[in-house]
Structures are given as structure tokens and as C-alpha cells.
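Here the protein sequences come in this chain order: R and P. Under the UniProt record's numbering, think of the first position of the first sequence as 1, with each following residue one higher. Under the UniProt record's numbering, think of the first position of the second sequence as 1, with each following residue one higher. Built from N, CA and C at the ideal position, the CB exists for glycine as well. Small disclaimer: the values here were computed from a predicted structure and weren't measured.
2 protein chains.
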Amino acid sequence: MRDPDAFLASAAELLGERGFTRDRELMAPWLTDWRGRYTGNALAMASPASTEEVSRIVQLCAHHRVPIVPQGGNSGMSGGATPDGGGEALLLSLRRLSAIRTIDTDSRQAICEAGVILQTLHEAAAEKRLRFPLTLGGKGSATVGGLIATNAGGTQVLRHGTMRAQVLGLEAVLADGSVFDALTPLKKDNRGFDLKQLLIGSEGTLGIVTAATLRLLPEVGERAVLWAGLNSIGDARRLLLHCEARAENHLEGFEIIPAHCLSAVLDHLPDARSPLASEHRWHALIELVVEQGADEDLPGLAESLLSEGFETGLIEDATIAASEIQAEQFWLLRDSISPAERAIGPAMQHDISVPVARMAEFVEAAVPQVESRFPGVTAVAFGHLGDGNVHFHVLAPGGVARGEWEEGEGKAISAFVHDLVTRWGGSISAEHGIGQMKRDELGRLGNPVALAMMRSVKQALDPHALLNPGKLVPLAPEAHNN
Amino acid sequence: MRDPDAFLASAAELLGERGFTRDRELMAPWLTDWRGRYTGNALAMASPASTEEVSRIVQLCAHHRVPIVPQGGNSGMSGGATPDGGGEALLLSLRRLSAIRTIDTDSRQAICEAGVILQTLHEAAAEKRLRFPLTLGGKGSATVGGLIATNAGGTQVLRHGTMRAQVLGLEAVLADGSVFDALTPLKKDNRGFDLKQLLIGSEGTLGIVTAATLRLLPEVGERAVLWAGLNSIGDARRLLLHCEARAENHLEGFEIIPAHCLSAVLDHLPDARSPLASEHRWHALIELVVEQGADEDLPGLAESLLSEGFETGLIEDATIAASEIQAEQFWLLRDSISPAERAIGPAMQHDISVPVARMAEFVEAAVPQVESRFPGVTAVAFGHLGDGNVHFHVLAPGGVARGEWEEGEGKAISAFVHDLVTRWGGSISAEHGIGQMKRDELGRLGNPVALAMMRSVKQALDPHALLNPGKLVPLAPEAHNN
Chain R
1 MRDPDAFLAS AAELLGERGF TRDRELMAPW LTDWRGRYTG NALAMASPAS TEEVSRIVQL
61 CAHHRVPIVP QGGNSGMSGG ATPDGGGEAL LLSLRRLSAI RTIDTDSRQA ICEAGVILQT
121 LHEAAAEKRL RFPLTLGGKG SATVGGLIAT NAGGTQVLRH GTMRAQVLGL EAVLADGSVF
181 DALTPLKKDN RGFDLKQLLI GSEGTLGIVT AATLRLLPEV GERAVLWAGL NSIGDARRLL
241 LHCEARAENH LEGFEIIPAH CLSAVLDHLP DARSPLASEH RWHALIELVV EQGADEDLPG
301 LAESLLSEGF ETGLIEDATI AASEIQAEQF WLLRDSISPA ERAIGPAMQH DISVPVARMA
361 EFVEAAVPQV ESRFPGVTAV AFGHLGDGNV HFHVLAPGGV ARGEWEEGEG KAISAFVHDL
421 VTRWGGSISA EHGIGQMKRD ELGRLGNPVA LAMMRSVKQA LDPHALLNPG KLVPLAPEAH
481 NN
Chain P
1 MRDPDAFLAS AAELLGERGF TRDRELMAPW LTDWRGRYTG NALAMASPAS TEEVSRIVQL
61 CAHHRVPIVP QGGNSGMSGG ATPDGGGEAL LLSLRRLSAI RTIDTDSRQA ICEAGVILQT
121 LHEAAAEKRL RFPLTLGGKG SATVGGLIAT NAGGTQVLRH GTMRAQVLGL EAVLADGSVF
181 DALTPLKKDN RGFDLKQLLI GSEGTLGIVT AATLRLLPEV GERAVLWAGL NSIGDARRLL
241 LHCEARAENH LEGFEIIPAH CLSAVLDHLP DARSPLASEH RWHALIELVV EQGADEDLPG
301 LAESLLSEGF ETGLIEDATI AASEIQAEQF WLLRDSISPA ERAIGPAMQH DISVPVARMA
361 EFVEAAVPQV ESRFPGVTAV AFGHLGDGNV HFHVLAPGGV ARGEWEEGEG KAISAFVHDL
421 VTRWGGSISA EHGIGQMKRD ELGRLGNPVA LAMMRSVKQA LDPHALLNPG KLVPLAPEAH
481 NN
């Protein structure tokens, strides 16, 4: 940093009282990630209120060589929005950029600023009888900018894709403060590199997202939520293929749950009961959706899928939620797996993916390998079968000390799981990103050619390494030796 | 170049007789683009037969600083695969990388090498009762590598997206000869920058595509092809919105044709007749498709769309193709516009796009502006309304000399059209790419921030400027002054 006092004076003047603070108490909630795993320090917190202000504060940072940590709702999963402990960085909150600039109902597009909260967008779309087809647990705090920076996933990726697929246009402030304006959505545009794609998922290391044009869909007209008991994850895969062939345009979710997870949930939720009376080794939660105004017999389609599943022997038993309330109850069982497990004891949770075609095989191979290598643990895999995204949780042996186990055997387990998934051609981060949490693992296991490209691009677009330093981009091999 | 003789000797040894030639006659067909607009020279032509050989020849080029012009089927529209006249570059043909490595019918994915011809892929998919959902006029020569390098479009983008949307995984050789291997398709993968997206549409300036994992769809079960007569392009837009709301998942094409183009086609094709007996200012060609096995009453849907169009006054008259033969005849009318116009006289053809929502308005504004600025010309706009992609053709006044007009008034017309579309927030290249044809126009009209980013990324990934020099990336402003 060249001259901290000059920087601080200029920044305070530029952003005014509402936009700039060094108050420890005001900054504190934003210096620890929401899960309490990472805590950092900051020189100050800037909260610009417009793209123009973001551009000017970034110019100031560039001039004074002040590192910047951009932050949205502070609900990330990998510590990507928490500064390091050095206290030299500016924490740059985008939360005041909170306008939904327009919603175009004909084109079904919304132009949102980076600080718009996901739930707010859902509500604004619903008022226009539209919907934004991405949702996740943190929707009450996650912001559009953060969702784009981390290319967020969620439960609707099977049909609608990740955040990348929702972004039709983008505006971002680059490392030198210049504004990259690609907000105007063009369905066909071959004027060179698709730079928007480079910024999506770059976790604030190449630019700071300030606004986006997002696609909307017609509101949901009707949904059918099915619960099926299955004998194996292989059968689940075959059932998924069948559903895709028969109902691809309506298949919104296909989640799998092993018996172990379901009973943990039933123990954890006193009022819950299993949708099926019988016992099954695996369960599938399937959601079919038709948009308002579309011409489709959804109950008929759901019935046919189940009867075909029975006939082919893929389904042992099944039921269709009889009401919206019951549909919500089915989803609650799925969404309660993580809390139910946490109630039992410590667990290492891995957000990994493998090619969709290999997921069943992977789970069948990985569970016994982990359990035999680390005696006493229980490995469970559940999640988005349709996306190849496994939530692979390894539960600690009974009686271990929370905290201590995670730091010891837990770390070895994670390295083992990451090695395994890499050998299977998979990803050590399916949807939560790299942040600071997995940066070294990415350096250890990432494809060296891809890592070298990433470093070159980072160096080209952020030559002074001011944008979210220490996140995402692994250090070059020689740097490890310093 | 460091030592041409040493380079040529090593290259000949590396690739052998089938893979390397300096024979003028053998090279000639590949040194002029298929439309005969650009002719170049080359030091030699390399035709490696494997990714490994591509990697080694590129390493050799990097060592000797030999520029490389990658080429697929030589059917590009912008001179992107033709070397300059200097004769210092190596022409690198990817045509011998022609294997379809695998087709996975469950996952509906094909792994194709760069030299696979589009038509070959269509046929291989059809044998497995699948289809590859992208097609275009040059399908008999266009290769997978070229389609990816140019992010090709075609007539099915409305429903299935451009080539970018078909690419699930990618393999490419970078400027230093290293192999970027991201062939394994992962539906969710957040391990940093999506480098694959950067290579798609980069026209060989950042890397050389050697193979790709492509998505396939179930074969078409049934299609309905509709022809509607309309009073205005505004009505066409409203009809499109209605079709999207009612039949989005089945709407595969929505093309618009003005009366002027239809009569040119009817004059040009002796056996053709108009699908409708009445006269209309505009025509829409609409295609609906259902996949094999899907549960949908397509004829019923087509009938409802038309009757709703009549009721709301959007459609003046309409018909549904009664047979596959008639459906083909409808499409032939659309596909004959360009040849019919060429028969009349010279024309400047512009491949431009504007936001879908503004296309009707743009056409209504642009046609009279061009015609009043250049007296005697006729401006017509037709094409993919659903994509915002206008084929904007300006026909010469009667009696002008072919060749001379294009170089004189024609150039001024193109600059005028490009200025106009830029002011409307559109693109000067919707689907044909930049190549050498539009590089200076991109430099003149491109967003300076985006151009600076492009140059930085190019410099980072190809520091010696060896990959397809002179294409796509406009020179920096200071370079223009040299």
C-alpha cells in the first residue's frame, strides 16, 4: 500500500458517511463468515451505492494499491468473502446496490443490481407472475452479485442450469476501475471472447459484479412431487434416465436419499413420518413442473412414470404428494438431512461431483473405501443425482470430540475423498466454490495446464493482485517454495 | 521466425508424408476461403492425426516462432481460417482428427474430434436414434472444431442455443503446445474460471480445439411446420411471445420473411408457390417439434396456436404443412432468399443482432433510414426473429456494376448499418464471427473496455502472437498509429 492515510481520507470523502466506515462494531458482522469458520480484518468497509461509486473506489484502491475483498450477503460456503487477518484490505460491500432496475415481462428479463437479495428477486418476479428459476438455502441473504461470482447451484439445476445459465447480461468493475458493460442481452453475439463467462464464477478475483440481466420464466402452474422407494442407486440412475426420456421438459428435481439419512431425519424431526410404509435401501424425491398456461396433463404424466417404474421393476413402492402441504413435507425430509446429521455428531461434508453417468458407480465404490480406510466412520451420499452432484458426508465414529476430530482425522478424510473424486474425473467443488477453503486443495489436485491458464488470466486482468487476494487462484508452484 | 529450414525439416519428420506438405497444388484449395473473398499463402500445411501430434507441432512452432492458422472445413464466413499473404504461417488442418470417439446413448453425449464433419455427426447420432441439435447450410463441410471456434449458430438456436450450449467438455492445444483437457463433462463444477467458455468462439486465437464432448437429444418424434401471413413485424413479435408462452418447450424455429423476399424467391424458383393464396406484408415460418417418446399432442397444439392467432387478430391467414414434403417446401422458400437475391443483383449482407425485444422496432426504423440515406437501394430484413438475429440485406440499385458497387457504396452502407446496430445496443456479428473480415470494424465500434480485456487475455495466453494472427482481436489503438 502506498499511503494508507491518503487513501482513507479520499475514500471517506468519496463515499460519505453511509458509504464508508472504520467502526469495529459496524464491521464485525461482516468480518466473519456466516458459519463462523473464518475471521479476518479490514482497513475499512466501503459500501458504495452505485456502479459509478464502485468504479471510483476501485480506481482509488488501484492507485494506492489497496487490496479489495468484495462481499454480497456473506453467506458463502468457502470463505470467499472474508478477508485475511492482515487488515490491509478494503472490505467492499455491494449490499447498497439493491435496485431491481427493470423487469420486462414480455422478454422475461430482470436487470438487477449486485446487492439484490435472492428472495427479493423471487418476490418481485412473482408479482409479475414470473419466477427466477434458482433457489437455495441462503436465499434470504444471498445476493445476485454473490450468486454470480460463485456460479451458485441449488435444487433446480437439473432443469434450469446453474447461475451461469440465468445470466443474460453482466456489468462489472475491473481491477483498474473501468466498467465492463455487457448488460444488453443478445441471444446471438459473436464479437470475440465471451468475457461475461470469464467473470461468472471467478469469485471476485477478476472483477466485481455490479449488475446483471437475468432470465425469468413463467410462474409455475402446477407441480407433482413423487417419493419412490428403490433397491439400489443403480436403479435410481435408470429411473432418472427413464424420467428424462419421458418428461425431460418437466423434470425439475431428482434427489436421492439413502435409508441411513432418512432414518436420521425421522429421528431428528419428531413429527415427521416416512412417505412410504415399507423399508427401502434408497429413496428418490422427484419433482415435475409445468409452467402456467402450458398444455400438459401433469397428474397423468406422474401416474404413468410411476406405473412404468413398477412394471420395469425399478420402483419398489411409491407415492405422489396429495397436496401442496404434503409436497412440502417431502422436501422437508430432504432438506433436513444436514441438520439431522449435525445433531448426531461431527461430520466432514464434501460438495463434489462426478460425471452424471458415473455417479451411481462412484457412490457404490467410494462408501466402502472410505469406511474401510477410516474404521468407525459412516459415509453417506445423497443429493442431486441428476446433476452428478453428491453431497458426500463422512460421520465421525461415536464419542469423538467435536472440533478435534475435524482438525485431525477429518482433514485426512477430506484429502482422501478429494483424491478419490479427482481420480474419477470429478470436481472437488461442485457448487460451493473454492474461496480460501479449498484453494490449496485445488493447487494440489487441479489440472496443471488449467491452473497455469488461470494464473495467466488472473495476472493479465489484475496485474497488481488487488482483487480478492488469497482466494480461488492457487499460488504458482514456485511460490510455494518461498 | 527463428530458423525456417530447421523448422520445416523437424515438422516434416514429425508428421510424415501424410501429415505435412509444401506442395502448392495440394495447399491451394485451402488457401482461399470458400466464398473466394480471401486468398493467402502458407509456409506449409500440417495435417496432424492426433491431439498428441497437434501438441508436438505447436510446440515446434512455439520454439521457432512460426505463426499458426488453424483450419477445419474452410467454410467460415469471415475469412477466419485463411492466412494472410505473407506466407510465413503454418496452415494447420484439423481434418484428419476425424474420429467420433464415443457416443453414450444413456447420457446422450458424443466425444468428437475436431475434424468430424457436422453431417457425419448428424448421421452417427441418427443411427443411435439421437440427434445433434445444431445445423446450418455448410453442414457437409463444417467441422466440430470450426463450429466451436466460431460458436456457430444456425436455425435451431431459438430452442437449443448456439454451439456454446452444445459443448459439455473440451480439449484444446494451447500456444505453448500444452494440452488443456476438460473433456469430462461435469454438470456442476465450480473449480475456478470456466476456461472452456473462453476458448469457445475465440476463433483459434487462444488455443486450437482438438476434441469436444457434445450433448445429443432424443431423435425428433414429430414436427409441425406452420406458415402464417401477418400484417406487420410487430404482430410477428407478438405472435412469437404467444407461441413461447404456450409452447416454449416445443418451439424450434420462428423465422420471418417480408413480402419482398418471398416474391424474389417465387420468381427465382420456377416450381415454387406461396403457401398462402392471399398477399401479406410479412410471413412467419414456425416449427414445433416433439422428441420421440414424449407425451404431447403436437397437431392439437399447432391448431390451437393458429386459432388463438386468428382470434387475437395477429394472424391474417395461415396453414399447416400437410406432409413432410410440404414442410420441406416451406423451409426451401426460407432457405432460398439469399440465392434469389444474388440472382437479382449485388447486395450487401449483414449478419447482425439486436435484443430480441427490440428487433421489430429496429427493422421498422432501419429499413427507411438506409433507403433514404442511399437512394435507389432496397433494404430487406429477414431471419431468426426468436434470436434477435436479423439478416439485413441491402440490394443495389438496378444496373450497377457487380464488384465495383460492393467496394464503393457497398462499404459505406455496411459502415452505416454497423453504426446503426451499435447504437441500438446490438452486435455487428450475430453468428458469423469476426475473422479478418470484421476485425477493423470491431476495433472501430467495440466497447473499449471489452477490447482492452480481450487484448490482455490474448497477450496472456499467446504471448508471442502465434495463434491465428490478424484475426478477431483488434489492434490496440496505439498500434493503429504506427
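On the three-state DSSP scale, how would you describe residue i?
i               : result
Q119 of chain R : helix
Q109 of chain R : strand
T378 of chain R : strand
W331 of chain P : helix
E279 of chain P : coil
A165 of chain R : helix
R246 of chain P : helix
D317 of chain R : strand
W227 of chain P : strand
A9 of chain R   : helix
A89 of chain P  : coil
M454 of chain R : helix
Q459 of chain P : helix
G16 of chain R  : helix
V354 of chain R : coil
W236 of chain P : In the sequence as displayed, the identity of residue 236 of chain P is Ala instead of Trp. Note: A236 of chain P maps to helix in three-state DSSP.
F254 of chain P : strand
A347 of chain P : strand
S307 of chain P : helix
A49 of chain R  : coil
A152 of chain P : coil
Q292 of chain P : coil
How long is the line joining the alpha carbons of residue i and residue j, rounded to whole angstroms?
i                      : j               : result
D351 of chain R        : G201 of chain R : 16 angstroms
G433 of chain R        : S78 of chain R  : 6 angstroms
residue 487 of chain R : T135 of chain R : No information on residue 487 of chain R is available, as it lies outside the stretch 1 to 482 that chain R covers here.
A62 of chain R         : A175 of chain R : 7 angstroms
L451 of chain R        : T120 of chain P : 35 angstroms
L240 of chain P        : M348 of chain P : 28 angstroms
L305 of chain P        : D297 of chain P : 12 angstroms
V457 of chain R        : G470 of chain P : 21 angstroms
E113 of chain R        : S55 of chain R  : 14 angstroms
G313 of chain R        : V356 of chain R : 22 angstroms
G177 of chain R        : M27 of chain R  : 24 angstroms
E328 of chain R        : Q156 of chain R : 15 angstroms
L395 of chain R        : P346 of chain R : 6 angstroms
R238 of chain P        : E222 of chain R : 25 angstroms
CB-CB under 8 angstroms to residue i, same chain, minus the five flanking residues each way: which ones, in chain order?
i               : result
L332 of chain R : L269 and A272
N482 of chain R : Reliability fails at N482 of chain R, whose pLDDT of 41 lies under 50, so the model's placement of it is uncertain and the value that follows must be treated cautiously. Contacts found: none.
F330 of chain R : V225, W227, P275, L285 and A321
V220 of chain R : R131, V289, V290, E291 and Q292
L262 of chain R : S274, H283 and L333
A142 of chain P : G72, G73, S75, I117, L118, L136 and A152
Compute every distance between the C-beta of residue i and the non-hydrogen atoms of the ligand ATP, then say whether any falls below 7 angstroms.
i               : result
T210 of chain P : Although the ligand ATP was asked about, the structure shown includes no ligands whatsoever.
I'd like the list of long-range same chain contacts for residue i, defined as Cβ closer than 6 angstroms, with 5 residues on each side in sequence excluded.
i               : result
V354 of chain R : F362, G388, W424 and G426
A381 of chain R : V363, V390 and F392
A81 of chain P  : Q71 and N74
CB-CB under 7 angstroms to residue i, same chain, minus the five flanking residues each way: which ones, in chain order?
i                      : result
L199 of chain P        : L170, A172, L206, G207 and V209
residue 483 of chain R : What is shown of chain R runs 1 to 482, which leaves residue 483 of chain R out entirely.
S10 of chain R         : L60
S98 of chain P         : E113, G115 and V116
Residues within the segment 183-202 of chain P neighbouring chain R, beta-carbon criterion of under 8 angstroms: T184, P185, L186, K187, K188, D189, N190, R191, G192, F193, D194, L195, Q197, L198, I200, G201 and S202
Secondary structure, alpha helix (DSSP H): runs of 4+ residues fully inside the segment 165-222 of chain P: 195-199
Contacting positions in the segment 420-436 of chain P - beta carbon closer than 8 angstroms to chain R: G425, G426, S427, I428, S429, A430, E431, H432, G433 and I434
Within the segment 364-410 of chain R, note down every full beta strand (DSSP E) run reaching 3 residues or more, in order along the chain. 378-384 and 389-395
The segment 339-363 of chain P: which residues have C-beta closer than 8 angstroms to a C-beta of chain R, in chain order? S353, V354, P355, V356 and A357
Of all the residues that make up the segment 435-457 of chain R, which are near chain P by a beta-carbon distance shorter than 7 angstroms? L442, G446, N447, V449, A450, M453, M454, S456 and V457
Compile a chain-ordered list of the residues in the segment 104-123 of chain P whose CB is closer than 9 angstroms to at least one CB of chain R. D104, D106, S107, R108 and Q109
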